[in-house]
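Scroll down for the structure; my scribbles are underneath it.
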Amino acid sequence: MKHLLFIMAMCIGLLPIYTNAQDSKPIIAKDLFGDLSARHIGPALMSGRINDMEVHPTNPRIIYAGTAGGGVWKSNNAGTTFNPIFDDYCQSIGAVEIDPNNPDKVIYVGTGETWTRNSVSVGDGLYKSTDGGTNWKKLGFDKSERIANIIVNPNNSDEVYVAVLGALWSDSDERGVYKSLDAGATWSKVLYVDESTGCADLAMDPNNPDILYASMWEFRRTGWSFNSGGDKSALYKSIDGGKSWNKIHNGFPEGKLGRLAIAVAPSDSNILYTVIEAEKDSKKGLYRSDDAGKSWKQLNNDFGLTVRPFYFSRIVVDPRNPDVVVKGGLSGSISRDGGKTFKGLGRMHADIHDIVFDINDSDRMYVGTDGGVYRSWNGGTTMEIVENLPLSQFYHISVDNEEPYNIYGGLQDNGSWYGPSTSSGGINARDWNSIGGGDGFRVLRHPTKKIIYSEMQGAANVWRYDVENKLIKTVQPLPKKGHAKLRFNWNPPMAVSEHQPDRFYMGSQFLHKSEDMGDTWTIISPDLTTNDKSKQNQEGSGGLSMDNSGAENHTTIFTIAESPFDENVIWVGTDDGNVQVTTNGGKTWTNTIANVSGVPANTWVYHIEASVHDKATAYAVFEGHTTGDMTPYTYKTTDYGKTWTNIISDDVVGFVRNIQEDYVNPDLLYLGTEFGLYITLNGGKSWSKFTKNMPSVAVHFIDLQKRTNDLVMGTHGRGIIIIDDISPLREISPEIMSKKVHFFTSKPTVMKDQSGFSGNFGAETQFVGRNPSKAAQIKYLLPKRHTFGKMTLEIQDMDGKKIASLGPGKSKGINIVNWNYTIKQPKVAKGKTFSFGGFTSPRVKAGIYKAVLTKGKETFEHNFELVYDEHSGLSSQDRELKYDTTMKMYNMTQDLAYLVYELDAVLDVVTNKNKKIVASLNDLKETLVITTGDNYVGSAEPQLREKMADLYSKIANSYDKPSNAELDNLSIIEERFNKAKTDFAKLKKKARLKDFKIKTFEEFLKD
Amino acid sequence: MKTLKFTALGLILCFAVTLEAQSVEDIIENYIENIGGQEAWSKITSMKVTGVGKQQGVDYPFVATYMKDGRAIIDVNLQGNSFIVEAFDGENAWNMNFNTQKAEALDSESSINYKNEAKDNLTGAFFNYKAKGYSVELLGKEDWEGTECFKIKLTKTPVLVDGKEEENIDMYFFDTENYIPIAIETVIKSGPAKGATSQTIISDYQEVEGVYVAFSVIEKFNGQIGIEPSFNMVEFNTDVDEGVFNMPEEVIETKKN
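Here the protein sequences line up with chains A and B, keeping their order.
Counting along the first sequence from 1, when you hit position 321 you're at 321 in my numbering, and nothing is skipped either side.
So the number in my numbering is just where the residue sits in the second sequence, counting from 1, plus 10000.
Structure follows, in structure tokens:
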């Protein structure tokens, strides 16, 4: 209240001059989103990948986490909980740096994650905040794609270094080490090798800011392979602030080098550590220099030190002890003997990317993993997870039609899950159910049975899970006689059919069809890919360290779509650029890619959406980032692919991963891009980015729940995000924009009787996803914001009687006002303490109601319907009894309030005149309301007010009709109240009041 | 009781607004001029607001009184009882405990923070902002829900959070058509949501005795509305019982004992 009223005081208005002239410009969707807002439901229990951790140099409470796909999060309580501070910008983070000279205000964020696995996102440059993260300004590096480090000179805030790792999938000259002498305004490149070699790690001598160490890494990824290492990889040192650089390889292994990490011991600048990826396995691992890089000695090449250099090349030295060294890795490793021997860090999620020590106490550590941030209080032996980081990285989601509906999806490195769209007390960690291991990808619910299909990478397992009987079997297609070896994508496509519930499709290079939920498979296509053998040598992938995880499998089918109109029309898209269609159930196939112009050959077909409006219509999303092409591509065909039309406008920034068609309005489309959600109202002529509580996160998959019209997004870094009921967007047109107010149509609202217990344990520090509103929602569109003069919204019955007064929304665009279908709480007799039952607001009856919006002198009306919840099983007679009894008690409560008011007024008049009457009145009053005690354990014995209000509340809050026990109790209360009224009337008569004037009952209620 | 005068829009005040005038000083000057001007506001010594706070379907009638010197009290009527949710006597902030319905002092840090902002209670943060040590910066134009706005960063007196001083910033969105704030974004300073941003949406500006007041102020967090106060009446320079701002003495005595 304080803040609101304070602001109220501050907001003193001025006079408007504006006309009612309507805007004749084209409709811009983003101006109209208004109260449509996204809600985040996590899950957070498995969190997601962290790229970089950062501590505040003087305040141990402040910790930053730069995440792989979920932006920058800040903790103000020493890592207990985190909040996001970078939602409006690219969510893939490479590095976070705090200016040590101005740590409360100046923060740099380098975008683009740097642990270059196949599924990494891309960055779009360097950002800076000078007010602690409230506002951000971009400092360029638009093409840098990934930034590995940012270092500010601890003695001079103007001097800043940026290590740009650069493009992963293509040549780029925006790489190397950059330096600014004006706090980021201008930059010069001080170390550059070539277009395929970037700076993977940069360190500054904390005691001499002119001394820098830079690890340069030659690397490249394609859709089908990865190469780490080459002649250009090297470790460099500069002693003159980056003017000149020299290789420091004395003691290094011969031959090509791969990714190197570098760390300077903060407590002794002569001690350096590097981990080296070399040609020979025996020469890989940890090296140490005790002479500031003049010479190096290999100390250790355990698995933990050499594993997957592209993913784990991070060394951190204890700020107080140069011999305590921590290395990122599959489990993470810690040495307390200067790097000679290591042990694993405590049990936590695998894949450790960064570690930071508390600034004062080395027992306290914060560790960034593929499964979020962990804290340790005992030097890394025991780890505990931060529970409020909803960074889950979905590849795919789907929804069912249960009530409430469930969301299914597969996660990067965190298996497959499903959870509800609403739950008692919010959507908690415990609401999520695991339905698959490994990396999770597509998850589909059988259209009619409680069976879920899920999978892991490369279709190594495709699970069919019978939810009711808890039976699991694997059903993936297996090699068949007479067919080539099956090639499944790492993220293999599956599909179910709207026509045949037991039908199940999977794609390798062939389309596989099963009519019995995966028990029997038939191949219904030839190889639909290019079958380019040069892209099928995954055993050779990895460069200096072999890395054949299956993540690079290529020339595979990636998307399958059966037409909802015709089961014989099936679309298939491949990762090597084919858009295939059959119109005869797979007997013949046509590759339509030649009809698509403007997309480079062999560009990944990421998604095909078969239209729900027309049999010959489909949308194809092409995605070229694995060739370095970040262009957004989405095409539409209306003739089975004979012609394709580009539907992307200049509004869209970032490559596209998914499109969802609206089920009602064919011009309304939803586009998932690497930098957020876009919506078009005109079939793609123009797009608007949706930013209402929606971060600029990669949206990998979108589904639209048919019953609720909820737009459900699987994001790769911020979990599941839902926009509840997007149906108002369907109605927006130039016609309604010309109206002063347009009410959107709405389905009857069910007054929910269902409820539950939530426990709330752990909610202090755990992420809890928001539930949708249960309220009746009045939705209307204002073509222009309401700023001046009174605007009110009343709910009236059909006779025009006021039922409730609501706070109307005044935004330009869509406004949504919630009404919890109650009238206001009864006026309760004044006592010493509060009557808690009296705070209950009773529900109205089902029926048609009017929303009456008053704007200036004009009123606008809209009828809407409330219906009862059928789950409670009450007859209409039961409903009547419940309503009548509730209102009888509501009125009785107000009658008692008036009686006590009148009694107090009489007392005021007779005080000191007639002690006997005063005593009698006080005696009576003490039976009516509590006159002593407090609202907690000092509460007095309940009196008539409390008993009446508690019974009223009990009946009003129950889903059920009043029980016999309640009705019996009511008769006792009624009897007692009648007696009180009689007693009061007698006392009042005895008091012989003259000119006794009090408020009427109606005045009293209004007051 | 004085009655609100709802004068037809556009009749009273002359505008000094020119669309080219886009320096932050100009915007604030125009804003103050248009809401009645420095002189009119300087004559106001107290403001009394009568309204209803709505939260989750429950109405809470309240009366809030703000003094020019920063003293303030917000009195909510709960079942006929006065319940003080916020009060400030010029040095100390206090409120009532729900269980005992008795006054309790807020912690000293809250009082210091309250005192630092209390001078804005009546006239708003932009009045005499330079003298108060505040700074402003125009960050450019930005749309707020489809309405073009000037985005102005206001840096106020630092706020104390758990014993440490932190920068105190509000982002104001001034409608470019009318030069008035229609929204504020604030980074939450303490509590579990510390660091997250909340939005305050301002509307229903109405004329009261020659100056203009926003009668509707809604706070949103993550797209959800919290408490929603709406003002029924705003009065200036009414008779105010000076004693109401002080924490009830019996409690102070109890504490001394």
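Glycine included, every Cβ here is placed at the ideal spot set by N, Cα and C.
query, result
"Assign A:P309 to one of three DSSP states: helix, strand, or coil.", "helix"
"Measure how close the beta-carbons of B:S10111 and B:E10091 come, nearest whole angstrom, since I'm counting them as under 8 Å.", "7 Å"
"Using a Cβ cut-off of 7 Å, pull out every chain A residue sitting near B:G10195, in sequence order please.", "K74, N76, N83, I85"
"Among residues of its own chain, excluding the 5 on either side of A:N760, which ones have a beta-carbon nearer than 7 Å to its beta-carbon?", "G425"
"Evaluate the contact criterion for the stretch 781–797 of chain A versus the stretch 813–825 of chain A: three or more CB pairs, one atom per stretch, below 8 Å.", "yes"
"Kindly indicate which three-state DSSP category A:A460 falls into: helix, strand or coil?", "coil"
"Could you give the C-beta distance for A:V474 and A:N491, rounded to a whole number, given that I count them as a contact under 8 Å?", "The sequence given here has Thr at residue 474 of chain A, not Val. Not really, about 18 Å apart at Cβ, beyond 8 Å."
"Quick check: what's the CA-CA separation for B:T10157 versus B:E10117?", "8 Å"
"Does the stretch 368–386 of chain A come within contact of the stretch 85–96 of chain A, defined as at least 3 CB pairs closer than 8 Å?", "no"
"Got a sec: is the Cβ-Cβ distance from A:D201 to anything in chain B below 8 Å?", "no"
"Write down every uninterrupted run of the alpha helix (DSSP H) in the stretch 260–348 of chain A whose length is 4 residues or greater and which is fully enclosed by it, in chain order.", "303–306, 309–312"
"Please classify A:M737: does DSSP put it in a helix, a strand, or coil?", "helix"
"Express the C-alpha separation of B:D10075 and A:Y936 in angstroms, rounding to a whole number.", "21 Å"
"Start and end of the alpha helix (DSSP H) containing A:V918?", "915–928"
"Let me see if you follow: with CB-CB separation under 8 Å, is B:P10192 close to chain A or not?", "yes"
"What is the DSSP secondary structure of A:T886, reduced to helix, strand or coil?", "helix"
"Report the residues of the stretch 115–146 of chain A with a CB closer than 7 Å to any CB of chain B, ordered along the chain.", "D131, G132, T134, N135"
"Using beta carbons (cut-off 8 Å, strictly below), is B:F10174 in contact with chain A?", "no"
"Hey, does B:P10248 have any beta-carbon neighbour from chain A nearer than 8 Å?", "no"
"Could you tell me whether the Cβ of A:R785 comes closer than 8 Å to any Cβ of chain B?", "yes"
"Helix, strand or coil for B:Q10199 per DSSP?", "strand"
"From the DSSP output, read off the bridge partner residues of A:S170.", "DSSP lists no partner for A:S170."
"Going by the beta-carbon positions, is the gap between A:V162 and A:V152 smaller than 8 Å?", "no"
"Return helix, strand or coil for B:Y10114, following the three-state DSSP convention.", "helix"
"Anything in chain B within Cβ reach of A:N935, meaning under 8 Å, just list it in chain order.", "F10098, N10099, T10100, Q10101"
"Taking the alpha-carbon positions, what's the A:L896 to A:K832 distance?", "15 Å"
"Which residue from A:S811, A:S47, A:L668 puts its Cα closest to that of A:S392?", "A:S47"
"How close, in whole Å, do the beta carbons of A:V325 and A:Y273 come, if the pair is a contact with beta carbons under 8 Å?", "6 Å"
"Rounding to the nearest angstrom, what Cα-Cα distance links A:D1022 and A:K915 in this structure?", "The shown model of chain A, from 1 to 1007, leaves out residue 1022 of chain A, and the question about it has no answer."
"Report the neighbours of B:Q10206 on chain A: residues whose CB is nearer than 8 Å to its CB, in chain order.", "G13, F788, G789, K790"
"So for A:P420, helix, strand or coil by DSSP?", "strand"
"To which residues of the same chain is A:G344 closer than 7 Å at the C-beta, ignoring the five residues directly before and after it?", "G304, S331, G332, S333"
"Let me know the secondary structure DSSP gives A:T626 once reduced to three states.", "helix"
"Of all the CB atoms in chain A, is at least one closer than 8 Å to the CB of B:N10092?", "no"
"Which residues in chain B sit within 8 Å of A:R1032, going by Cβ to Cβ distance?", "This structure cannot speak to residue 1032 of chain A, because chain A is shown only from 1 to 1007."
"Nearest chain B C-beta to A:K105 closer than 8 Å, yes or no?", "yes"
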